[in-house]
Structures are given as structure tokens and as C-alpha cells.
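Numbering (our numbering), first residue to last: 14 to 277.
Let me begin by presenting the structure, written as C-alpha cells, before commenting on it.
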Amino acid sequence: MVEKKSSILEIPIKAVVNYLNFYYGGKVHALKDINMPIGDKQVTALIGPSGCGKTTLLRCFNRMHDLYPGNRYRGEISLEPDGINLLSNKVDPIEVRMRISMVFQRPNPFPKSIYENVAYGLRVRGETKRAIIDEKVEKALRGAALWDEAKDRLRDLASNLSGGQQQRLCIARALATDPEIVLFDEPTSALDPIATSSIEELITQLKKTVTILIVTHNMQQAARVSDYTAFMYLGELVEFDKTQTIFNHPANKRTADYVSGLFG
Ligand SMILES: Nc1ncnc2c1ncn2[C@@H]1O[C@H](COP(=O)(O)OP(=O)(O)OP(=O)(O)O)[C@@H](O)[C@H]1O
Ligand SMILES: [Mg+2]
Numbered sequence: 014m015v016e017k018k019s020s021i022l023e024i025p026i027k028a029v030v031n032y033l034n035f036y037y038g039g040k041v042h043a044l045k046d047i048n049m050p051i052g053d054k055q056v057t058a059l060i061g062p063s064g065c066g067k068t069t070l071l072r073c074f075n076r077m078h079d080l081y082p083g084n085r086y087r088g089e090i091s092l093e094p095d096g097i098n099l100l101s102n103k104v105d106p107i108e109v110r111m112r113i114s115m116v117f118q119r120p121n122p123f124p125k126s127i128y129e130n131v132a133y134g135l136r137v138r139g140e141t142k143r144a145i146i147d148e149k150v151e152k153a154l155r156g157a158a159l160w161d162e163a164k165d166r167l168r169d170l171a172s173n174l175s176g177g178q179q180q181r182l183c184i185a186r187a188l189a190t191d192p193e194i195v196l197f198d199e200p201t202s203a204l205d206p207i208a209t210s211s212i213e214e215l216i217t218q219l220k221k222t223v224t225i226l227i228v229t230h231n232m233q234q235a236a237r238v239s240d241y242t243a244f245m246y247l248g249e250l251v252e253f254d255k256t257q258t259i260f261n262h263p264a265n266k267r268t269a270d271y272v273s274g275l276f277g
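Written out as C-alpha cells, the structure is:
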């Protein structure tokens with residue numbers, strides 16, 4: 014299969030957002046004609062003032078909005094290389110969430126053991142072989158840089174971990190099903206600077222194997238971890254480019270004002 018490339022990205026693409034519109038309850042028009050490519054194994058940051066639609070856009074990627082009645086998508090998000098439209102009625106949202114997993118703003122482990130938190134997605138998928146689950150749990154915990162701290166307490170309740178450890182556990186849970194894309198919605202806003210920097214380091218490691226989308230209010234964080242940045246305003250995508258360009262030579266005045274801290 015020929016790899017698709019985008020002219021802005023000059024690199025292989027993992028997904029393409031095509032004239033995406035989203036309506037809450039059929040009324041609130043929260044996303045308006047969003048078009049953007051997502052680079053394969055790159056970190057793409059979504060930035061913009063509160064209420065501009067960052068979380069709404071992120072949640073389209075794993076069909077989270079389907080969980081509430083009345084929400085409506087228009088347009089498409091095609092996933093490469095197979096080119097399926099993630100938003101199509103014919104695509105099963107559960108399957109989408111296995112391929113595209115999510116890490117939320119506040120660590121939200123299940124009230125289960127560390128081990129069972131990570132094994133959860135595998136069991137939902139129907140995996141029953143103990144040896145395979147053991148192996149995948151270890152791999153995911155290693156991938157989330159939590160293995161050394163957790164290996165001797167896998168049967169402890171997840172709630173006994175520190176906040177930063179719980180967030181890494183949620184990352185391990187998100188990694189366990191070998192997703193192609195991981196979505197992060199302000200993953201460090203509830204963490205201290207040390208836990209924040211360990212999550213940022215982890216994101217940089219993870220992009221060797223997965224594609225990452227991250228929402229952040231922290232401009233330094235976007236500049237540190239992302240390769241591409243999308244600046245949104247009032248449900249529209251104002252500007253999308255390489256992160257260095259967005260921060261150093263943005264084309265749009267509103268982008269320039271936002272990244273320099275003049276509003277937001
Ligand atoms: N469940 C909902 N029902 C109706 N409108 C909603 C719902 N969730 C969000 N909205 C509206 O959609 C718009 C975008 O919200 P969204 O949560 O995507 O913003 P955001 O950019 O993530 O903001 P923040 O930085 O504060 O998290 C806002 O106007 C918001 O009020
Ligand atoms: Mg949000």
C-alpha cells in the first residue's frame with residue numbers, strides 16, 4: 014500500500030480530519046469545518062482558550078460522544094493506512110476505542126488492583142490466557158514507566174498509588190490493547206512539576222511506537238512535547254503547522270496573541 018503524505022507534514026500521516034463538524038444534542042455547534050492531518054508517530058498538540066473545542070475534537074477520535082444521545086458528527090476522520098472513516102455508522106465504537114485509547118485530565122483508575130486495571134481492556138477483548146495477559150500487563154506497565162514501582166504490588170488497589178503513579182497506570186491501561194493512537198486530555202493538569210516532567214518524558218518515548226494527540230493549556234508543554242500544533246478558537250481551527258512555526262512565526266494574529274499569552 015502506498016503511504017499517504019501530507020504537504021504540510023512532509024511525513025506519513027496516521028489520520029486525516031476532513032470537514033469535521035460536531036453538534037452537542039443537535040444544537041450546540043461545537044466544531045466547525047475542521048480540517049487537519051495527524052502525523053504518524055508524531056505528537057500533535059491542540060491548544061486554544063477555554064471552550065474553543067479542544068476536548069470535543071479529541072473525543073471525536075474515539076467516538077466518546079456516542080455515549081450520549083443526540084450528539085451528531087458531520088464530516089469524517091479517516092484512519093490510515095486502511096482509510097476507514099472512524100465516524101461512520103458502520104464502524105463499531107468499541108472497536109475504535111481499542112485502536113484509539115484515551116487518558117483523561119484526572120487519573121481515573123478503576124476501583125480494582127493495579128494488575129486488573131491494565132488487564133481490563135484485554136479481558137474486554139476476550140483474552141483469557143493468563144500467560145498472555147501477564148505478558149501484556151508487564152509490557153504496558155513498562156511502556157508507562159511504572160513497572161519498577163508496581164511489580165511487587167500488582168495486587169494492591171490502584172487507589173493506593175500516588176497521583177502521578179495513578180496517571181501512569183491510566184497510561185498503561187491505555188497502552189495495553191496496543192492502540193495506534195493515544196489521546197491525552199490535559200494529562201498533567203492535576204500533577205506536580207516532577208510528575209509532570211515524567212509524563213512529558215514518557216510521551217516523548219511513546220511516540221516511537223504510537224501516534225499522540227494532546228490537549229494542553231500549558232504553552233511550554235506544547236512547545237516541549239509536540240511536533241505539530243493546532244490552534245483552535247470558537248470551534249474553528251485557526252492555524253495548524255509545525256510547533257516551531259506556531260510558536261515562532263505564526264501566520265495568524267490571533268495565534269500570535271494566544272501563544273504569547275496576550276489572551277486565553
Ligand atoms: N456536553 C455538552 N453539551 C453541550 N455543550 C457542550 C458540552 N460539552 C461542551 N460543550 C460546549 O462545547 C464547546 C467546546 O467545549 P470543549 O469542552 O470542547 O472546550 P475545551 O476547548 O476543551 O475547553 P477547556 O479548555 O475549558 O477544557 C463549549 O462551548 C462548551 O460549552
Ligand atoms: Mg477541555
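Idealized CB from N, CA, C, for every residue including glycine.
The structure displayed is predicted, hence computed values, not measured ones.
- Under the three-pair Cβ rule at 8 Å, the region 98-110 does not count as touching the region 143-151.
- The region 95-182 is shown to contain whole beta strand (DSSP E) runs of 3 or more residues at 113-116, in chain order.
- When C-beta atoms of the region 175-185 are compared with those of the region 195-209, three or more pairs fall below 8 Å, so the two segments count as touching.
- Within the region 173-257, the complete alpha helix (DSSP H) runs of at least 4 residues fall at 176-188, 206-219 and 232-238.
- Under the three-state reduction of DSSP output, N261 falls in the helix class.
- L250 sits close to M49, with the two beta carbons spaced by under 8 Å.
- Closest option to V29, judged by alpha-carbon separation, among L247, I90, R237 and I47: I90.
- If you ignore the 5 residues before and after E252, its C-beta comes within less than 7 Å of the C-beta of F244, I259, P263, A264, N265 and T268, all in its own chain and listed in chain order.
- Assignment of L71 by DSSP, reduced to helix, strand and coil, places it in the helix class.
- Under the Cβ criterion (8 Å, minimum of three pairs), the region 81-90 does not count as touching the region 60-71.
- With a contact defined as Cβ atoms closer than 8 Å, I194 and I113 qualify at about 4 Å.
- A distance criterion of 7 Å places the beta-carbon of T68 in contact range of ligand 2, judged by its closest non-hydrogen atom.
- Beta-bridge annotation (DSSP): L44 is paired with F35.
- In the three-state scheme derived from DSSP, where H, G and I count as helix and E and B as strand, L59 is classed as strand.
- Under the DSSP definition of a beta bridge, V29 partners with P50 and S91.
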